[in-house]
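Contents: one structure, followed by commentary.
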Amino acid sequence: MRSLRVSHSAVVDEWRGRERALTALGVEVDLLTATRWHAGGTPVRLEPRDSERVTGVRTVGRHPALFLYDPRPIWRALGERYDVIDLHEEPFALATAEILLLRAFRRRSRRTPVVLYTAQNLRKRYPLPFRWFERRALREASGISACNAEAARIVEDKGFAGRARVIPLGIDQARFRPSDAPSATDAASASITVGFLGRLVPEKGVLVLLDAVARDPRLRLRIAGSGPLTPELGGRAAAAGIADRVEVVGAIEPDDVVDFYRTLDVLAVPSLPTPSWTEQFGRVAVEAMACGVPVVSSDAGALPDVVGGAGLVVPAGDAAALADALLEAGGARAAELRARGLERAATCTWDAVGRQYLDLYRSVRHEASVTAADAAEHGVEVIVVAYGAPELLRRAIEPVAGLPVTVVDNSSLPEIAAICAELGVRYLDPGRNGGFAAGVNVGLADRLVPGADVLLLNPDATISPDDIGVLQKALRARDDLASVGPAQVDEHGNVARVDWWLPSPSGTWLEAIGLARLRREPTYVIGSVLLLRAEALAQVGGFDERFFLYAEEADWAYRAHRLGWRHAGVPQARAVHVGAGTGGDPRRREAHFHASQERYLRKHYGALGWQWARLGQLVGAMARAILLPGDRGRAARRRAALYRLGPVRVETRFLREAAAA
403 MRSLRVSHSA
413 VVDEWRGRER
423 ALTALGVEVD
433 LLTATRWHAG
443 GTPVRLEPRD
453 SERVTGVRTV
463 GRHPALFLYD
473 PRPIWRALGE
483 RYDVIDLHEE
493 PFALATAEIL
503 LLRAFRRRSR
513 RTPVVLYTAQ
523 NLRKRYPLPF
533 RWFERRALRE
543 ASGISACNAE
553 AARIVEDKGF
563 AGRARVIPLG
573 IDQARFRPSD
583 APSATDAASA
593 SITVGFLGRL
603 VPEKGVLVLL
613 DAVARDPRLR
623 LRIAGSGPLT
633 PELGGRAAAA
643 GIADRVEVVG
653 AIEPDDVVDF
663 YRTLDVLAVP
673 SLPTPSWTEQ
683 FGRVAVEAMA
693 CGVPVVSSDA
703 GALPDVVGGA
713 GLVVPAGDAA
723 ALADALLEAG
733 GARAAELRAR
743 GLERAATCTW
753 DAVGRQYLDL
763 YRSVRHEASV
773 TAADAAEHGV
783 EVIVVAYGAP
793 ELLRRAIEPV
803 AGLPVTVVDN
813 SSLPEIAAIC
823 AELGVRYLDP
833 GRNGGFAAGV
843 NVGLADRLVP
853 GADVLLLNPD
863 ATISPDDIGV
873 LQKALRARDD
883 LASVGPAQVD
893 EHGNVARVDW
903 WLPSPSGTWL
913 EAIGLARLRR
923 EPTYVIGSVL
933 LLRAEALAQV
943 GGFDERFFLY
953 AEEADWAYRA
963 HRLGWRHAGV
973 PQARAVHVGA
983 GTGGDPRRRE
993 AHFHASQERY
1003 LRKHYGALGW
1013 QWARLGQLVG
1023 AMARAILLPG
1033 DRGRAARRRA
1043 ALYRLGPVRV
1053 ETRFLREAAA
1063 A
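Heads up, our numbering is the position in the sequence shown plus 402, with the first residue counted as 1.
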């Protein structure tokens, strides 16, 4: 595999560990980075190692989101053939927009999958044109690596089609490791040396740390770093009566960081979130853990994800809680936290990070995680989302009971639990009716066969294991298929349509004027009996739970389509689908269906796209109401009224009536 990586921060030798790890895994990595950059307030010049394929590129500007690269080296690199283009820049950044624009004009790289990076864990609405840059980049991306979970959720909410991977920032395990000399700290009586390393600014919480140290005479403090607060730290320590227990080390060279950690009993990361800033990772916490130093942090930003479970986390700004945690971490729990910290640090080594990036690259290239033969051997996992109708559910489960089956019961009925126990399938009760999408996600979150393809089966549908085998064989016959569905008939043998065009405003108008045959949108397969490819699930993620009923499979299929996947019907396989088998008011089902269409169109085409599609639905329904007689005309008038009022608004009325009843 060949990868082009662009990262201004890779000017720092230590931060090129990711590229070196990928190279060791067999990836041919070409890296473009800044020739000079200010890292942590210090100017850094690129000094490549002999074995590195790295090219320095001149930059204009110093802000990470407001600089541009010299376009000439970028243009030349995009003329090469790569399997993945990895932009280690934020989606809203000028540099990202620049590179994506150059890629759009470079024929060889125009269709190469792009991976982006994000650390931004505050939900910001950027001014124009950065909001446009971000939206375009998220639509172009085939994959995103995020260094914290909240940043991943944000880009997904803002329009990235797939599942953003949370991949930590890396450390050099050969450099950051425990001292060979054992700690001499006596938990009962000895003083505890607390360390702080970072920028000396208010939001880093160093003043809260001084307050915490002042609360117990056993605590001593070593402060390393530089910043605006440096001149006043000595005075504040003296005013608190702890000048003899506080040492301001000042800025330390990168080569001396490990030695600094090894002088500590505990590292404190007491950051204070502000409206415009919070911790995006907390690299110092992982470095200290790797050196065998317990860590105590605040709950700012990503720190709970990084430190939680391996160190102690306290409320931001709470000096009393911080003092208690420092005494605990440096005393009675020191050995326990040291061991947990080493385990956590092992997940953040460059080798571990490189393996996660390689997995991400394979995902965006749709590389099969198993061969077709292995997939067939692993079989298929079945997920059924049930709501009432126990006997109908029994008919669906009985033919597939020999497979790994999970029933997610949104109705929490004892009768359904009893049927599952009788047939030997797993029963999960989510405790609420969150809709079909939420039910599917419950099953996906607790897999019986991790890595297997997943069959979604409606409780009002039946399919045989042989037909499931035919489906899986068809799914694995092409590398770009994300989902397949069988031909379907109702209980009377009438054939039902299973593949449909994905909704769009233009498609709505073509249908309204009777030219649906001219539609060219991609198609998807309805979700009543739907086999999902394991690799597509890994890249796209689960279902959007905002779709309570209907359109959830269309939304998933469209997101998969944006990531380069296709969907197909398999006429050689057959299923029986009763249709609306769980009962209910037809008018309410119609309201749910069109409300989901509204949500889909608003999500993927915006408010203007939805209003344009709504007008098309109104025009088409009103024309049919005039031209069609009898029941068909009355149905068209109901459709026109539904779209005049707004499907989501009508659905809300039905839900209120149901709640009142």
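We put the beta carbon where it would ideally sit given N, CA and C, even for glycine. Predicted model, so just to flag it, every value in this text is computed and none were measured.
Boundaries of the beta strand (DSSP E) around residue 430: 430-436. Of the candidates 453, 434, 685, 434 places its Cα closest to the Cα of residue 479. Residue environment for residue 678: exposed (fewer than 16 other C-beta atoms within 10 angstroms of its C-beta). For residue 494, the three-state secondary structure derived from DSSP is coil. Inclusion of residue 1018 and residue 864 in the CB contact set at 7 Å is not warranted, their separation being larger than that value. Assignment of residue 661 by DSSP, reduced to helix, strand and coil, places it in the helix class. Short of 7 Å from the beta carbon of residue 854, and not among the five residues preceding or following it, lie these beta carbons of its own chain, in chain order: 780, 781, 782, 783, 936. With respect to residue 695, residue 663 sits close: the two C-beta atoms are nearer than 7 Å.
For residue 424, the enclosing alpha helix (DSSP H) starts and ends at 419-426. Counting C-beta pairs with one atom in each stretch, the stretch 518-533 and the stretch 715-724 have fewer than three that are closer than 8 Å, which means they do not touch. At least 7 Å separates the beta-carbon of residue 752 from that of residue 907. Put simply, the backbone Cα of residue 994 is about 27 Å away from that of residue 819. Going by DSSP, residue 811 is part of the beta strand (DSSP E) stretching over 807-811. Residues 437, 448 of the same chain have their beta carbon placed closer than 6 Å to that of residue 458, with the five preceding and five following residues left out of the count. Annotated three-state conformation of residue 950 is coil, per DSSP.
Bounds of the alpha helix (DSSP H) holding residue 911 are 907-914.
Considering only 738, 748, 1028, 955, the residue with the shortest C-alpha distance to residue 1002 is 955. Beyond the five residues adjoining it in sequence on each side, residue 1034 comes within less than 8 Å, by CB distance, of 1026 in the same chain, given in chain order. Residue 915 sits exposed, since fewer than 16 C-beta atoms from the chains shown fall within 10 Å of its C-beta. In the structure shown, residue 702 adopts coil according to DSSP, grouped into three states. Counting only residues of its own chain and dropping the five nearest sequence neighbours on each side, residue 1056 has a CB closer than 7 Å to the CB of 990, 993. Looking at the DSSP output, residue 548 sits in a beta bridge with 520, 568. Distance between residue 750 and residue 481, taken at the CA atoms: about 34 Å. By the C-beta density criterion, residue 534 is exposed, having fewer than 16 other C-beta atoms within 10 angstroms. In the three-state scheme derived from DSSP, where H, G and I count as helix and E and B as strand, residue 581 is classed as coil.
Residue burial is scored here from C-beta neighbours: residue 683 has at least 16 other C-beta atoms within 10 angstroms and is therefore classed as buried. Residue pairing for residue 598: DSSP places it in a beta bridge opposite 625. Contact fails between the stretch 861-878 and the stretch 960-969, because fewer than three Cβ pairs, one in each stretch, are under 8 Å apart.
Between the C-alpha atoms of residue 745 and residue 476 there is a straight-line separation of about 39 Å. Judged by their CB atoms, residue 566 and residue 548 are nearer to each other than the 7 Å cut-off. In the structure shown, residue 409 falls within a coil segment according to DSSP collapsed to helix, strand and coil. Spanning the alpha carbons of residue 872 and residue 928 requires a straight line of approximately 18 Å. The C-beta separation of residue 635 from residue 644 comes to about 11 Å, leaving the pair out of contact by the 8 Å criterion. A check of alpha carbon separations from residue 901 across 404, 731, 931 identifies 931 as the nearest. For the pair residue 688 and residue 592, the CB atoms are not nearer than the 7 Å cut-off. Residue 978 is a Cβ neighbour of residue 891, given a cutoff of 7 Å.
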